[in-house]
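Those letters in the sequence shown? Residues 7 to 174, by my numbering.
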Amino acid sequence: MGKKAEISIGVMRREDLDQVLAIEQVSFNQPWSLSLFEQELRKPALSTSFVACTGERGSRSVLGYLVFWVVAQEMHILNLAVAPAGRRKGIAKLLILSGLRYALAKGARMAFLEVRASNRPARNLYHGLGFVNSALRKSYYDSPPEDALVMTLPEDAFVQAASAGNKT
7 MGKKAEISIG VMRREDLDQV LAIEQVSFNQ PWSLSLFEQE LRKPALSTSF VACTGERGSR
67 SVLGYLVFWV VAQEMHILNL AVAPAGRRKG IAKLLILSGL RYALAKGARM AFLEVRASNR
127 PARNLYHGLG FVNSALRKSY YDSPPEDALV MTLPEDAFVQ AASAGNKT
């Protein structure tokens, strides 16, 4: 039996984008374009993008990614996806906890995101981390049309989850 590959979290780089786009396209009905990811990478004062990967620089394999902003003490999670073969293995949780830890260090005290109302696996993940349903955005998504749940991680749960992220 082979040794289990170690997963590391790092900053997304331009050379990761081919793999990121492949994950994006199999994960969403309306995937982000290459230019949207490039825009996020060009705004380091506002936007942060992490990848979960195995391997070393130049030969690493991207398993998932997280894109978020930290603005005015808030972390806004914009995009999160994991490759189908890596799902239900804790990779999304690892990415979120790493993002929360980073956002806390940058002054954030709460987090929020939008998620398709029908996306039960994602909602379960977020609830497990302490996120609560805080609003409904009617007809937020297209293809197919659907409402979005706004989920919020309040300050006490945010600090607790970000601190737990230090132990992963």
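Every residue gets a Cβ at the ideal spot worked out from N, C-alpha and C, and that includes glycine.
Distance CB(residue i)-CB(residue j) smaller than 7 Å
i   : j    : result
V76 : A114 : yes
A58 : L23  : no
V68 : L84  : no
M30 : A87  : It is Glu, not Met, that sits at residue 30 in the sequence shown. Taking 7 Å as the Cβ cut-off, E30 and A87 qualify as a contacting pair.
A98 : M81  : no
L40 : L27  : yes
Candidates the options, of which the one nearest residue i by Cα
i    : options                  : result
P50  : N130, F164 and K112      : K112
A11  : P37, R66, L42 and S41    : R66
Q79  : M18, A98 and L159        : L159
D148 : V121, V88, G136 and A128 : V121
D164 : V138, L155 and R143      : Contrary to the premise, residue 164 reads as Phe rather than Asp in this sequence. The residue with the shortest Cα to Cα distance from F164 is V138.
D153 : A123, A168, A128 and Q25 : A123
S169 : A141, S104 and L142      : S104
Nonlocal neighbours in the same chain, by C-beta distance under 6 Å from residue i, ignoring five residues either side
i    : result
Y132 : M157
S145 : P151
Limits of the unbroken alpha helix (DSSP H) element including residue i
i   : result
F43 : L40 to L47
A28 : L23 to S33
Residue-chain proximity (residue i, chain C), Cβ-Cβ < 7 Å
i   : result
W38 : In the structure shown, chain C cannot be found, because there is only a single protein chain.
Same chain only: Cβ atoms within 8 Å of residue i, ignoring 5 sequence neighbours per side
i    : result
V166 : For the sequence presented, residue 166 should be read as Gln rather than Val. Only G136 meet the Cβ criterion.
F34  : A87
Cβ-based neighbour list, residue i, same chain, cut-off 7 Å, excluding 5 preceding and 5 following
i    : result
G92  : L69 and G70
D162 : none
Alpha helix (DSSP H) runs contained entirely in the stretch 95-174, provided each spans 4 or more residues: Fully enclosed alpha helix (DSSP H) runs of no fewer than 4 residues occupy 97-111, 126-134 and 161-171 of the stretch 95-174, in order along the chain.
Report the start-end ranges of each beta strand (DSSP E) in the stretch 49-97 that is 3 residues or longer and not cut off at the edges. Runs of the beta strand (DSSP E) spanning 3 or more residues and lying entirely within the stretch 49-97 occur at 53-60, 67-77 and 80-88, in chain order.
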